[in-house]
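Below is one structure, written out as structure tokens; the observations come after it.
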Amino acid sequence: MSGPDARDRACAAALLGLAGMTPLRLARLLDGMGPTVAWAAVRAGTHPSDPARRFAAPARSVDPDVVDRRYRDAGVRILLPGRPGYPAALVGDPGAPAVLCASGDTGVLEARPAVALVGTRSATPYGAKVAAELGRRLAAAEVVVVSGLARGIDGAAHSGALAAGPGAAPPVAVVGTGLDVPYPRENRLLWARVASAGAVLSEAALGTRARPMVFPARNRIIAALADVVVVVESHRSGGSLYTAEAAARRSIPVCAVPGSVYSAASAGSNELLVEGCIPVRDADDVLAAVALVRQGRGMASPVPSRAGRRVAPGGPDPADRVQCSVWEAVDDTPTPVETVLLRTDLSLAALTAAGEALVEQGLLTAGAGWWSRA
Amino acid sequence: MLDALRQPLEEGIVRVSRSRGSITYPARFLLVAAMNPCPCGDAGVPGSCRCAPAARARYARRLSGPLLDRFDLAVRVERPAASELVAPRPGEASATVAARVRDARRRAEARHVPVNAALAVGDLDRLAPVDGAARSLLERHLRTGRLSARGLHRVRRLARTLADLDGADGTLSVPHVTEALFLRGGRSLLLGEEVR
Numbered sequence: 001m002s003g004p005d006a007r008d009r010a011c012a013a014a015l016l017g018l019a020g021m022t023p024l025r026l027a028r029l030l031d032g033m034g035p036t037v038a039w040a041a042v043r044a045g046t047h048p049s050d051p052a053r054r055f056a057a058p059a060r061s062v063d064p065d066v067v068d069r070r071y072r073d074a075g076v077r078i079l080l081p082g083r084p085g086y087p088a089a090l091v092g093d094p095g096a097p098a099v100l101c102a103s104g105d106t107g108v109l110e111a112r113p114a115v116a117l118v119g120t121r122s123a124t125p126y127g128a129k130v131a132a133e134l135g136r137r138l139a140a141a142e143v144v145v146v147s148g149l150a151r152g153i154d155g156a157a158h159s160g161a162l163a164a165g166p167g168a169a170p171p172v173a174v175v176g177t178g179l180d181v182p183y184p185r186e187n188r189l190l191w192a193r194v195a196s197a198g199a200v201l202s203e204a205a206l207g208t209r210a211r212p213m214v215f216p217a218r219n220r221i222i223a224a225l226a227d228v229v230v231v232v233e234s235h236r237s238g239g240s241l242y243t244a245e246a247a248a249r250r251s252i253p254v255c256a257v258p259g260s261v262y263s264a265a266s267a268g269s270n271e272l273l274v275e276g277c278i279p280v281r282d283a284d285d286v287l288a289a290v291a292l293v294r295q296g297r298g299m300a301s302p303v304p305s306r307a308g309r310r311v312a313p314g315g316p317d318p319a320d321r322v323q324c325s326v327w328e329a330v331d332d333t334p335t336p337v338e339t340v341l342l343r344t345d346l347s348l349a350a351l352t353a354a355g356e357a358l359v360e361q362g363l364l365t366a367g368a369g370w371w372s373r374a
Numbered sequence: 001m002l003d004a005l006r007q008p009l010e011e012g013i014v015r016v017s018r019s020r021g022s023i024t025y026p027a028r029f030l031l032v033a034a035m036n037p038c039p040c041g042d043a044g045v046p047g048s049c050r051c052a053p054a055a056r057a058r059y060a061r062r063l064s065g066p067l068l069d070r071f072d073l074a075v076r077v078e079r080p081a082a083s084e085l086v087a088p089r090p091g092e093a094s095a096t097v098a099a100r101v102r103d104a105r106r107r108a109e110a111r112h113v114p115v116n117a118a119l120a121v122g123d124l125d126r127l128a129p130v131d132g133a134a135r136s137l138l139e140r141h142l143r144t145g146r147l148s149a150r151g152l153h154r155v156r157r158l159a160r161t162l163a164d165l166d167g168a169d170g171t172l173s174v175p176h177v178t179e180a181l182f183l184r185g186g187r188s189l190l191l192g193e194e195v196r
């Protein structure tokens with residue numbers, strides 16, 4: 001290993017793998033500080049973002065060179081904002097991961113439009129067929145298909161993109177587990193094919209297993225990478241609505257595929273259409289939306305939040321990561337502070353300080369133990 | 001009945017007065033209480049409370065303002081989601097928490113009080129000083145009526161304890177003060193503040 005860049009990557013990987021690390025904690029540790037400096041400060045117990053020194057003892061038993069070797073042996077690259085390989089679409093995003101792991105070539109994302117195809121894990125044959133067809137036709141039209149390699153719609157979209165054959169744009173996946181933990185197991189082969197054709201990205205350390213919390217979090221990365229998000233099939237409270245919401249907050253157009261009014265699997269996506277999202281029947285409709293975005297004439301996309309209300313873009317200073325994460329975690333309807341606490345994983349002290357600041361800026365209104373967007 | 005607790009809460013003694021004289025018993029204790037937010041119990045979830053506003057107000061009035069003002073912590077307990085009942089998150093071990101509490105108590109003892117709640121008002125500026133930003137935050141809460149004078153002292157003692165639990169000595173800053181305000185602010189749900 002040589003050079004400051006290599007040392008930074010090794011230290012970033014070591015920080016990422018510490019027990020109890022979360023994307024937000026990692027972002028705070030690396031806020032305005034290079035990984036090598038941050039690692040030394042964490043080990044020494046002097047890092048200002050770790051006043052309780054919770055990571056000092058774990059860090060002392062870790063050697064960044066050993067961690068780095070594990071990543072290289074697994075064929076996983078560590079990507080850092082502002083360094084080669086880190087997706088340009090994530091630069092400046094309020095939820096951009098401070099450290100991103102990649103299998104394959106993230107270069108496929110540059111100079112090509114990207115469309116996120118997302119939807120329910122329990123897809124109907126109709127949904128799976130539409131997802132596969134959209135994946136194949138979009139890839140053939142040189143559009144990178146971004147999805148989450150989950151069961152159902154995600155897997156069908158990736159399979160479709162891979163089926164477009166040589167000359168087509170390779171797919172990109174963003175997953176919630178470590179890159180050495182393919183999940184779900186039945187998509188192992190598909191996972192390997194996406195990694196070898198395009199890229200599989202994760203903000204989780206090697207060895208991270210599937211947990212319910214990681215999937216909504218990775219959906220924001222899927223949304224941020226895309227020019228347009230297409231919800232193929234979604235239940236009324238499906239995880240893909242998180243992706244739609246994350247896209248709307250970033251002013252990324254959201255499309256939805258209409259489904260039967262009798263199908264529970266289409267209740268969420270049909271609801272998106274009622275709210276004013278762009279209806280798409282086939283790849284041509286999606287390509288029209290992509291073309292408008294690329295011409296800089298983005299289509300305004302009102303999108304229901306988790307609570308079923310419209311979300312307007314606009315929020316706190318993207319440079320303030322803590323405030324951004326609190327803002328992301330508060331709904332348009334009154335959200336208990338305790339719920340925000342669970343969603344953000346902040347300390348109560350840091351959370352209430354950020355909440356107070358957002359109330360001061362007029363972005364949140366405060367009730368008795370509740371916050372909601374102003 | 002509950003309001004009879006006010007004197008022992010404040011002075012740590014019970015005084016019984018009869019015609020022959022009066023007798024005083026020591027009564028310093030920690031009061032822990034639980035109640036529903038409203039008669040139907042659903043006011044914790046937005047939009048699901050079925051109680052008439054008048055019924056909620058009547059229910060909340062069963063606790064007097066002066067009694068409520070003496071509670072430093074009011075923590076709302078959310079109904080757990082189905083997923084959390086099936087697969088609970090692992091919590092922090094009680095031994096870890098106990099060690100943290102012991103540590104914080106030692107810090108309080110170093111100030112020659114058994115617990116920070118016993119800090120005299122006159123000692124607060126020396127033992128629980130707040131920095132400039134935290135001071136203007138408290139002033140804002142006082143001005144807007146969200147904090148009473150008694151509440152101000154209690155919030156400072158509470159913030160001192162929260163800082164002690166975090167192992168932070170010295171001047172109190174905004175995060176611990178906002179945390180203290182939040183933990184005290186849970187009472188406003190019972191004081192009948194409307195949730196929009």
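Those sequence lines, one after another, are chains A and B.
Mind the numbering: the first sequence is residues 1 to 374 in the working numbering, read in order.
Mind the numbering: the second sequence is residues 1 to 196 in the working numbering, read in order.
Where is the CB? At the ideal position from N, CA and C, for every residue including glycine.
### Query
Mind checking if residue 71/B is an interface residue toward chain A, Cβ cutoff 8 angstroms exclusive?
So, not an interface residue.
#### Entry: Contacts that residue 350/A makes with chain B (C-beta to C-beta distance below 7 angstroms)
For residue 350/A, the chain B residues whose Cβ falls inside 7 angstroms of its Cβ are 175, in order along the chain.
### Query
Of all Cβ atoms in chain A, is any one closer than 8 angstroms to the Cβ of residue 83/B?
Taking 8 angstroms as the threshold, the shortest C-beta distance from residue 83/B to chain A falls below it.
### Query
Does the distance from the CB of residue 173/A to the CB of residue 136/A come in under 8 angstroms?
Taking 8 angstroms as the Cβ cut-off, residue 173/A and residue 136/A do not qualify as a contacting pair.
### Query
For residue 35/B, does the count of other Cβ atoms within 10 angstroms reach 16, so buried, or fall short, so exposed?
Per the 10 Å Cβ criterion, exposed.
### Query
Which class does residue 38/B belong to by DSSP, given the choice of helix, strand or coil?
Coil.
### Message
Give me the subset of the region 14 to 43 of chain B whose CB atoms are less than 8 angstroms from a CB atom of chain A, sorted by chain position.
### Response
For the region 14 to 43 of chain B, the set of positions with a beta-carbon nearer than 8 angstroms to some beta-carbon of chain A is empty.
#### Entry: Anticipated Cβ contact below 8 angstroms, residue 108/A with residue 170/A, distance rounded
Going by Cβ atoms, the distance from residue 108/A to residue 170/A rounds to 5 angstroms, so yes, they are a contact pair.
### Query
When DSSP labels each residue in this structure, what does residue 277/A get in the three-state scheme?
Three-state result, residue 277/A: coil.
### Query
Hey, residue 124/A and residue 265/A: beta-carbon distance below 8 angstroms or not?
Yes.
### Query
What in chain A is Cβ-close to residue 204/B, meaning under 7 angstroms?
Absent from the structure is residue 204/B, since the part of chain B shown begins at 1 and ends at 196.
### Query
Any beta-carbon of chain A closer than 8 angstroms to the one on residue 119/B?
With 8 angstroms as the cut-off, residue 119/B does not count as an interface residue toward chain A.
### Task
Let me know the beta strand (DSSP E) ranges lying completely inside the region 237 to 282 of chain A, each 3 residues or longer, listed in chain order.
As far as the region 237 to 282 of chain A is concerned, its whole beta strand (DSSP E) runs of at least 3 residues are 254 to 256.
### Task
Name, going along the chain, the residues of the region 54 to 67 of chain B whose beta-carbon falls closer than 7 angstroms to a beta-carbon of chain A.
The residues in question: there are none.
### Task
Pull up the CB-CB distance for residue 200/A and residue 225/A, whole angstroms please, since I reckon it's below 8 angstroms.
Contact doesn't hold; Cβ gap of about 13 angstroms is too wide.
### Message
Less than 8 angstroms between the C-beta atoms of residue 203/A and residue 218/A, yes or no?
### Response
Result yes, Cβ atoms of residue 203/A and residue 218/A sit closer than 8 angstroms.
### Query
Are residue 94/A and residue 324/A close, meaning C-beta to C-beta below 8 angstroms?
In this structure, residue 94/A lies near residue 324/A, with their beta-carbon atoms less than 8 angstroms apart.
#### Entry: Residues from the region 311 to 340 of chain A in contact with chain B, defined by Cβ distance under 9 angstroms
The region 311 to 340 of chain A vs chain B, Cβ under 9 angstroms: 333, 334, 335, 336, 337, 338, 339.
### Query
Since residue 114/A meets chain B, which of its residues come closer than 7 angstroms, beta carbon to beta carbon?
In chain B, no part has a C-beta under 7 angstroms from the C-beta of residue 114/A; the shortest such distance is about 31 angstroms.
### Query
With a Cβ-Cβ cutoff of 8 angstroms, do residue 130/B and residue 107/B count as a contact?
Not a contact, by the Cβ cut-off of 8 angstroms.
### Query
So is residue 245/A buried or exposed if we call it buried at 16+ other beta carbons inside 10 Å?
Counting of Cβ neighbours within 10 angstroms places residue 245/A among the buried residues, the total reaching 16 or more.
### Message
Please confirm whether residue 48/A has its beta-carbon closer than 8 angstroms to some beta-carbon of chain B.
### Response
Chain B, which has no Cβ nearer than 8 angstroms to the Cβ of residue 48/A, makes this no.
### Task
With DSSP as the reference, please indicate the residues paired to residue 126/A in a beta bridge.
Residue 126/A is not bridged to any residue.
### Message
Give me the residue from 318/A, 9/A, 187/A with the minimum Cα distance to residue 150/A.
### Response
Selected option, being the one with the closest Cα: 187/A.
### Query
CA-CA distance, residue 27/A and residue 51/A?
Distance between the alpha carbons of residue 27/A and residue 51/A: 15 angstroms.
#### Entry: For residue 166/A and residue 371/A, the rounded distance between their alpha carbons
Their backbone Cα atoms lie some 51 angstroms apart in a straight line.
### Query
residue 97/B to residue 347/A, Cα distance in whole Å?
Those two C-alpha atoms are separated by around 15 angstroms.
### Query
Hey, how far is the Cα of residue 343/A from the Cα of residue 22/B?
Between residue 343/A and residue 22/B, the alpha-carbon positions lie close to 56 angstroms from each other.
### Message
Assuming contact is defined by CB atoms lying nearer than 8 angstroms, are residue 124/B and residue 138/B in contact in what I supplied?
### Response
No; because the gap between Cβ atoms is not below 8 angstroms, this pair is not in contact.
### Endpoints, alpha helix (DSSP H) assigned at residue 344/A
Under the DSSP assignment, residue 344/A falls in the alpha helix (DSSP H) whose first and last residues are 337 to 344.
### Message
Mapping the DSSP letters down to three states, classify residue 112/A as helix, strand or coil.
### Response
It is coil, neither helix nor strand.
### Task
Report yes or no: do three or more beta-carbon pairs, one from the region 65 to 80 of chain B and one from the region 5 to 15 of chain B, lie closer than 8 angstroms?
Under the three-pair Cβ rule at 8 angstroms, the region 65 to 80 of chain B counts as touching the region 5 to 15 of chain B.
### Query
How about residue 109/B: is its C-beta nearer than 8 angstroms to some C-beta of chain A?
Answer no: the Cβ-Cβ gap between residue 109/B and chain A never drops below 8 angstroms.
### Query
Would DSSP call residue 86/A helix, strand or coil?
In the structure shown, residue 86/A sits in coil (DSSP, three-state: anything other than H, G, I, E or B).
### Query
By the criterion of Cβ-Cβ separation under 8 angstroms, what are the contact partners of residue 11/B in chain A?
Residues of chain A passing the Cβ test: none, with the nearest at roughly 30 angstroms.
### For residue 190/A, the three-state DSSP class (helix, strand or coil)
Here residue 190/A sits in helix by DSSP.
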